[in-house]
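Student: In mature numbering (1 follows the signal peptide of the UniProt record, and there is no 0), the protein residues as written are -28 to -1, 1 to 325. Think of the CB as a built atom: it goes at the ideal place given N, C-alpha and C, for glycine as much as any other residue.
(1) Judging by CA-CA distance, which residue of 180, 178, 186, 142 is the nearest neighbour of residue 166?
(2) Taking a contact to mean a Cβ-Cβ separation below 8 angstroms, would you say residue 152 touches residue 223 in this structure?
(3) Can you give me the C-alpha to C-alpha distance between residue 150 and residue 101, rounded to a whole angstrom?
(4) Please name the residue in 135, 109, 159, 77 whose C-alpha comes closest to that of residue 238.
(5) Measure the beta-carbon distance from residue 133 to residue 162 and round it to whole angstroms, keeping in mind my assumption that it falls under 8 angstroms.
(6) Report buried or exposed for residue 53, applying the criterion of at least 16 other Cβ atoms within 10 angstroms of its Cβ.
(7) Could you spell out where the beta strand (DSSP E) holding residue 224 opens and where it closes?
(8) Among the residues of its own chain, which have a CB less than 6 angstroms from the CB of residue 156, if the five just before and after it don't count?
(9) Relative to the C-alpha of residue 55, which residue among 31, 66, 65, 39 is closest?
(10) Pick from 77, 41, 48: whose alpha carbon is nearest that of residue 23?
(11) In this structure, does DSSP put residue 126 in helix, strand or coil?
(12) Nearest to residue 68 by alpha carbon, out of 81, 79, 44, 122?
(13) Within 10 angstroms of its Cβ, does residue 119 collect 16 or more other Cβ (buried), or is it exposed?
(14) In its own chain, which residues sit with a C-beta less than 7 angstroms from the C-beta of residue 59, not counting the 5 before and 5 after it?
(15) Is it right to say residue 91 is buried, meaning 16 or more other beta carbons lie within 10 angstroms of its own, or is it exposed?
(16) Suppose the cutoff is 8 angstroms on Cβ atoms and the five residues either side in sequence are ignored; what does the same chain contact list for residue 112 look like?
(17) Do you know how far the Cα of residue 202 is from the Cα of residue 178?
(18) So which of 184, 63, 172, 193 has the shortest CA-CA distance to residue 204?
(19) Roughly how many angstroms separate the alpha carbons of residue 127 and residue 37, rounded to a whole number?
(20) From what residue to what residue does the beta strand (DSSP E) around residue 52 run?
(21) In the DSSP assignment, find the beta strand (DSSP E) that holds residue 243 and state where it starts and stops.
(22) Buried or exposed, going by whether 16 or more other CB atoms sit within 10 Å of the CB of residue 329?
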């Protein structure tokens, strides 16, 4: 039997190559439906990988799934579900970021600044935001956090004791700081307390048997709720401090279940008793020399509210007074005392500049 020519054998392969490599018509475009809005490479990946026959005995068992388990894209094997705050797939038919776990749902995060062009991201969010009391006596922000803790400690048999926070004695979340300042300046102590039932805050000074402010006109006390749920914040402000104001001040928080306290000291320095300003140091006279002084600025922002500032000594010299008025918003500042004095509040150099 005669053999076919080589050209005849190569013809089918050539036709197959032309079919595969022939580009689509110029006018052909994908449909503008939801599928077109997905990532193209994700669609190609999904189309190129089909689901094999399901064999559950060949599936690997996932471990450490704090949000529970969900089926994979083929609906065959189990995999770990996404935790609260992780990216997720808004389209249930997609399977790229993954699916949210128990008591979670995928939502667009609207917390970004849309005016700056930020695109909202789909994140897993807990369906309920009600706090719960766990059987371990701890308060959990919502059911999702309690379930995470229960799966992380399976031997604890953690369950919901009752809706709402656990009753407990107060806890001081932010304690007052020690402060150094010079006479004539204002100082402020802050104290942030968590408790349920809600706590009351009072201020006292060691050596005095009265609750501040008493009848002292240059001492004032202020309270507000927050910044978090079941929290209260209190401030003690002393205007134009005097040497007699020096001492230990205490933030006392109490409710029906107990009482806690946090102390802080106030050290008052008197101008004129230290070394005078050296020429060329940028001083204004009548104060202390700061050639061996470093300022440390403590800033604690309460959800956009006020911050506090204090100076501490790193050498053997004195201090300069704080530039900012008490109870004013402060930027984070990493600078020397002279820089604090030279720049107005709006022009303070920050750590990012």
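Tutor: In this structure, then:
(1) In the chain shown, the residue the question calls residue 166 occupies position 194. Out of 180, 178, 186, 142, 142 has the C-alpha closest to the C-alpha of residue 166.
(2) Here residue 152 corresponds to residue number 180 of the chain shown, with the count starting at 1. Here residue 223 corresponds to residue number 251 of the chain shown, with the count starting at 1. No; because the gap between Cβ atoms is not below 8 angstroms, this pair is not in contact.
(3) On the chain shown, position 178 is the one that residue 150 refers to. On the chain shown, position 129 is the one that residue 101 refers to. The straight-line gap from Cα to Cα measures roughly 37 angstroms.
(4) Locating residue 238 in the chain shown gives position 266, where the first residue counts as 1. Ranking 135, 109, 159, 77 by Cα distance to residue 238 puts 159 first.
(5) Here residue 133 refers to the residue found at position 161 of the chain shown. Here residue 162 refers to the residue found at position 190 of the chain shown. That belief does not hold up - the Cβ atoms of residue 133 and residue 162 are roughly 33 angstroms apart, past 8 angstroms.
(6) Position 81 of the chain shown holds residue 53. Buried, since its Cβ has 16 or more Cβ neighbours within 10 Å.
(7) As a working note, residue 224 is residue 252 in the chain shown. Run containing residue 224: 219 to 227, per the beta strand (DSSP E) assignment.
(8) Sequence index remark: in the chain shown, residue 156 carries index 184 (1-based). For residue 156, where only same-chain residues beyond five positions count, the Cβ hits under 6 angstroms are 212.
(9) The count along the chain shown starts at 1 and reaches residue 55 at position 83. Ranking the options by Cα distance to residue 55, first place goes to 39.
(10) Taking the chain shown and counting its residues from 1, the one referred to as residue 23 is at position 51. The residue with the shortest Cα to Cα distance from residue 23 is 48.
(11) Along the chain shown, read from residue 1 onward, the residue named residue 126 stands at position 154. Helix, per DSSP.
(12) What you label residue 68 is simply residue 96 of the chain shown in a count that begins at 1. Out of 81, 79, 44, 122, 44 has the C-alpha closest to the C-alpha of residue 68.
(13) Counting from one through the chain shown, the residue named residue 119 turns up at place 147. Buried: at least 16 other Cβ atoms inside 10 Å.
(14) Here residue 59 corresponds to residue number 87 of the chain shown, with the count starting at 1. Around residue 59: 69, 93, 94, 95.
(15) Counted from its first residue, the chain shown places residue 91 at position 119. Classification for residue 91: exposed.
(16) As a first step, residue 112 is located in the chain shown; it is residue number 140 there, counting from the start. Cβ neighbours of residue 112 beyond the five flanking positions: 103, 104, 105, 106, 118, 121.
(17) Here residue 178 is taken as the residue at index 206 of the chain shown, counted from 1. Here residue 202 is taken as the residue at index 230 of the chain shown, counted from 1. C-alpha separation (whole angstroms): 29 angstroms.
(18) For this step, residue 204 is matched to residue 232 along the chain shown. Ranking the options by Cα distance to residue 204, first place goes to 172.
(19) Looking up residue 127 in the chain shown gives position 155. Looking up residue 37 in the chain shown gives position 65. Distance between the alpha carbons of residue 127 and residue 37 is about 15 angstroms.
(20) The residue labelled residue 52 in the question sits at position 80 within the chain shown. Note, residue 52: beta strand (DSSP E), 50 to 52.
(21) To locate residue 243, count along the chain shown from 1; it is residue 271. No beta strand (DSSP E) contains residue 243, which DSSP labels as neither H nor E.
(22) In the structure as shown, the chain starts at -28 and stops at 325, and residue 329 therefore has no counterpart that could be examined.
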